[in-house]
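Trainee: Quick one: this structure, given as structure tokens, is what I'll be asking you about.
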């Protein structure tokens with residue numbers, strides 16, 4: 003519970019128990035903005051610090067993602083994309099950056115419904131271009147392609163609930179303690 007609280011998913015209140023955190027719409031938007039700033043940094047660093055093992059995994063994921071996208075098999079493209087971005091972050095050689103990006107992805111997934119890309123083939127082509135730049139050690143190109151990719155991906159994110167006052171319109175509702183089943187909706 004303390005870990006969830008430290009990561010911003012849960013709020014504890016005296017005499018009320020633990021409640022799901024209620025980030026504001028601006029806090030939710032900030033997470034996407036941080037991701038658009040940090041992922042290109044990670045890609046640029048990966049171009050300088052990656053290992054052959056990182057490249058092998060990244061190329062394998064791109065090959066699999068491109069194949070599945072071309073065939074229209076989108077069932078596991080989201081998880082393949084997650085593995086791709088996780089591996090790219092690890093290739094940066096920065097455990098702190100990897101941890102931050104992982105936490106951002108988890109929080110974004112918690113707050114946002116992500117629509118499938120309009121053109122998954124294009125998305126996986128971008129992944130391939132990122133890997134090519136990383137493999138060549140071209141940090142600026144890796145940064146630029148990743149910035150474009152994250153900008154495009156951000157447009158597919160929609161808050162699970164819009165802004166507003168009632169429960170159906172909130173990003174997350176923390177009005178009811180989660181440890182009291184009789185108060186759950």
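Residue numbers (my numbering): 3 to 187.
From the three backbone atoms N, C-alpha and C, an ideal C-beta is built for every residue, glycine too.
1) Buried or exposed for residue 152, going by 16 or more other Cβ atoms inside 10 Å?
2) Have a look at the DSSP bridge pairing and note the partners of residue 19.
3) Please state the DSSP three-state secondary structure of residue 82.
4) Run through the segment 36-109 for me and flag every whole beta strand (DSSP E) of 3 or more residues, listed as ranges in chain order.
5) Just to confirm before moving on: does the CB-CB distance between residue 37 and residue 79 stay below 9 Å?
6) Between 25, 91, 135 and 84, which has its C-alpha nearest residue 40's C-alpha?
7) For residue 16, which residues in the same chain have their Cβ closer than 8 Å to its Cβ, ignoring the five residues on either side in sequence?
8) Run through DSSP, which three-state label would residue 3 get?
9) Tell whether a beta-carbon distance below 9 Å holds between residue 141 and residue 55.
10) Pick out whichever of 3, 20 and 35 has its Cα sitting closest to the Cα of residue 154.
11) Please work out which residues of its chain come closer than 6 Å, Cβ to Cβ, to residue 57, disregarding the five sequence neighbours upstream and downstream, and give them in chain order.
Mentor: So, from the listed chains and residues:
1) buried
2) 15
3) helix
4) none
5) no
6) 91
7) none
8) coil
9) no
10) 35
11) 137
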